[in-house]
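Chains as they are written, first to last, in the working numbering: chain A, 758 to 984; chain B, 758 to 984. Positions of the beta carbon are idealized from the N, C-alpha and C atoms, including for glycine. All remarks here apply to the structure that follows.
There are 2 protein chains.
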Amino acid sequence: MNKHAITESERGQLLKTTLLTGLQGRSLQRLLDSAIVEEREGRSSVFRQGENADAFYCVLNGYVRLFRLSREGRHADVRICQPGEVFAECMIYGGDDYTFNAQTADTATLARFDLGTVRRLVEEDSNIARSVMTCLSQHLIDTMHCVGSDRLNTAPQRVADYLLERCPTDRGPASVQLPFQKNLLAGMLGLAPEALSRAFSTLRPRGVTVRGRMIQIGDVQALREVV
Amino acid sequence: MNKHAITESERGQLLKTTLLTGLQGRSLQRLLDSAIVEEREGRSSVFRQGENADAFYCVLNGYVRLFRLSREGRHADVRICQPGEVFAECMIYGGDDYTFNAQTADTATLARFDLGTVRRLVEEDSNIARSVMTCLSQHLIDTMHCVGSDRLNTAPQRVADYLLERCPTDRGPASVQLPFQKNLLAGMLGLAPEALSRAFSTLRPRGVTVRGRMIQIGDVQALREVV
DNA sequence: CGGATACTTGAACCTAGTCAAGGGCTGTGG
DNA sequence: CCACAGCCCTTGACTAGGTTCAAGTATCCG
Chain A
758 MNKHAITESE RGQLLKTTLL TGLQGRSLQR LLDSAIVEER EGRSSVFRQG ENADAFYCVL
818 NGYVRLFRLS REGRHADVRI CQPGEVFAEC MIYGGDDYTF NAQTADTATL ARFDLGTVRR
878 LVEEDSNIAR SVMTCLSQHL IDTMHCVGSD RLNTAPQRVA DYLLERCPTD RGPASVQLPF
938 QKNLLAGMLG LAPEALSRAF STLRPRGVTV RGRMIQIGDV QALREVV
Chain B
758 MNKHAITESE RGQLLKTTLL TGLQGRSLQR LLDSAIVEER EGRSSVFRQG ENADAFYCVL
818 NGYVRLFRLS REGRHADVRI CQPGEVFAEC MIYGGDDYTF NAQTADTATL ARFDLGTVRR
878 LVEEDSNIAR SVMTCLSQHL IDTMHCVGSD RLNTAPQRVA DYLLERCPTD RGPASVQLPF
938 QKNLLAGMLG LAPEALSRAF STLRPRGVTV RGRMIQIGDV QALREVV
């Protein structure tokens, strides 16, 4: 792992993230100054469940899986973090130890924020506090949505949802380019890779064709009926 | 529904909640002053998904189901809120509309906090901001835990988890009194009521006996093996 | 071109949901 | 005090959806 201060281009990427996008001026500068950039290999552990929490992160490049392990060693993804997303910011005010594991999926670039430092900034600067609250709120809403979706929707419905959310158009044909391996998409939707494959097969009669990471949708309207 | 200002005994209950427990003095007083108490019938809707969000709540008495509906009308609980718990505080900084439904399970007493008022308090008072962040963080952690648990554990494992968390002892026999109907417990664990019944049956050979809301555990150690 | 990795497909199994019927508790009214 | 109605919970039978294991195919990368 390679650590360094923030470069100009990384600064640009950070500005687009949920955490920093509402900030300006001095607040922005203070938070940026507290970050360190880490280059990481694929499948490197960022932190483990039960470890003492000392930092949270923002993904600049690549993907990070947040997951839990059962005692028999089975593994379930809880969230897949994409570039621009923040994770483990719940540890700022959420207890001493990480409650899940984080691992890079591929080579990834992360901005690391020290928890102690950010706690101090949050106390002093209400703009930063607001950014953290916005971030937490959005994650909570998304995660509650995930619970509901897991409990209500079948695999093909979840896949259709995912495609429709990323669909540029409302009607007619469209295509969606997956930004990562199907493996990650499966984890994101709470499915085994095989189940994802089968879900795509189920959607084929509805006009969904898959070639590698490129998904063609015959008719967006028709796909909406599946959900 | 019956609305009124906070009585002395309700004030005492509120002080024990996640939101207020870290506050004192002026911060506490300001937040308390902004609340209104509502007495509600069983199965009364507190708010609906898609409605404009204008308040969040704290449960003083009774239980509240947070749930989502599928388009075919099926229903999935996302969280069951108990006395002392706050819900929908994610709407303070989380978007304009409620993203789920809230309904009382039985007659319930709720403290209602106006979102606009609390937003102002949060901006002005960093203690209140910290309380909100703590609350959001804990909910996010709990909800992520829920996703992981849904994806990793079977029904009997989830039931065993629930019992063990509420178990007064580490070893030997114990008993747990359910604070509500099994119906609610089923929703909390993401199960149909029938599945909860069957889960209890599965645990019977492991020394778990059920009579009404009273659950007897023969040996806590043995039950831990199930998980 | 070769090897590794990711993806797909098939088959057997298993968990949980659904529908339907029966048991048990509670509260009400005769 | 007993009978009955209503509700909640349990149980059974069936079904659908997903997991697991295993084998085969495609794809990527050296």
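Residue i (DSSP reduced to helix, strand or coil)
i         : result
LYS760/A  : strand
SER1069/B : This structure cannot settle anything about residue 1069/B, because the visible part of chain B is limited to 758 through 984.
CYS847/A  : helix
ARG800/B  : coil
PHE957/B  : helix
LEU788/B  : helix
SER827/A  : coil
ARG822/B  : strand
TYR919/B  : helix
ASP899/A  : helix
Interface partners of residue i on chain A, CB under 7 Å
i        : result
CYS847/B : SER894, LEU897, ILE898
ARG825/B : GLY905, LEU909
ARG831/B : LEU909
Where residue i meets chain A, residues with beta-carbon distance less than 9 Å
i        : result
PHE857/B : ILE898, MET901, HIS902, GLY905
GLY947/B : VAL904, ASP907, ARG908
Through-space distance from residue j to residue i, alpha-carbon basis
i        : j        : result
ASN809/B : GLN860/B : 16 Å
ARG981/A : ASP927/B : 51 Å
PHE957/B : SER827/A : 21 Å
ASN818/B : VAL875/A : 36 Å
VAL764/B : PHE813/B : Before going on, a small fix: residue 764/B reads as Thr here, not Val. Taking the straight line joining both Cα atoms gives about 19 Å.
CYS734/A : PHE824/A : Coverage of chain A is limited to positions 758 through 984, which leaves residue 734/A absent and any answer about it impossible.
GLY975/B : PRO950/B : 24 Å
ASN759/B : GLU842/B : 20 Å
GLU767/A : ILE793/A : 11 Å
GLU881/B : GLN978/B : 50 Å
LEU710/B : GLY905/A : Absent from the structure is residue 710/B, since the part of chain B shown begins at 758 and ends at 984.
LYS939/B : ARG822/A : 35 Å
GLN781/A : ALA762/A : 20 Å
Residue i, buried or exposed, once every other Cβ within 10 Å from all chains shown has been counted against 16
i        : result
ARG831/B : exposed
SER802/B : exposed
THR856/A : buried
MET901/A : buried
GLY947/A : buried
GLU829/A : exposed
ASP811/A : exposed
PRO962/B : exposed
GLU922/A : exposed
GLN973/A : exposed
Closer than 8 Å at the beta carbon, the chain A residues around residue i
i        : result
MET890/B : ILE849, TYR850, VAL879, ALA886, VAL889, MET890, LEU893
GLY841/B : Ordered by position in chain A, no residue passes the 8 Å Cβ test against GLY841/B, which lies about 18 Å from the chain.
7 Å Cβ cut-off: residues of chain B touching residue i
i        : result
SER883/A : GLU880, SER883, ALA886
GLY782/A : Simply none; closest approach about 17 Å.
Beta-carbon neighbours of residue i, restricted to chain B and to distances below 9 Å
i        : result
VAL752/A : Residue 752/A lies beyond the residue range present for chain A, which begins at 758 and ends at 984; the question has no answer from this structure.
Evaluate contact between the stretch 784-800 of chain A and the stretch 907-914 of chain A, counting only Cβ atoms and requiring at least three cross-stretch pairs below 8 Å. The stretch 784-800 of chain A vs the stretch 907-914 of chain A: no contact.
Would the stretch 842-857 of chain B and the stretch 888-900 of chain A be scored as touching if the rule is three or more Cβ pairs under 8 Å? yes
Check whether the stretch 864-875 of chain B and the stretch 937-946 of chain B touch, using three or more Cβ-Cβ pairs below 8 Å as the test. no
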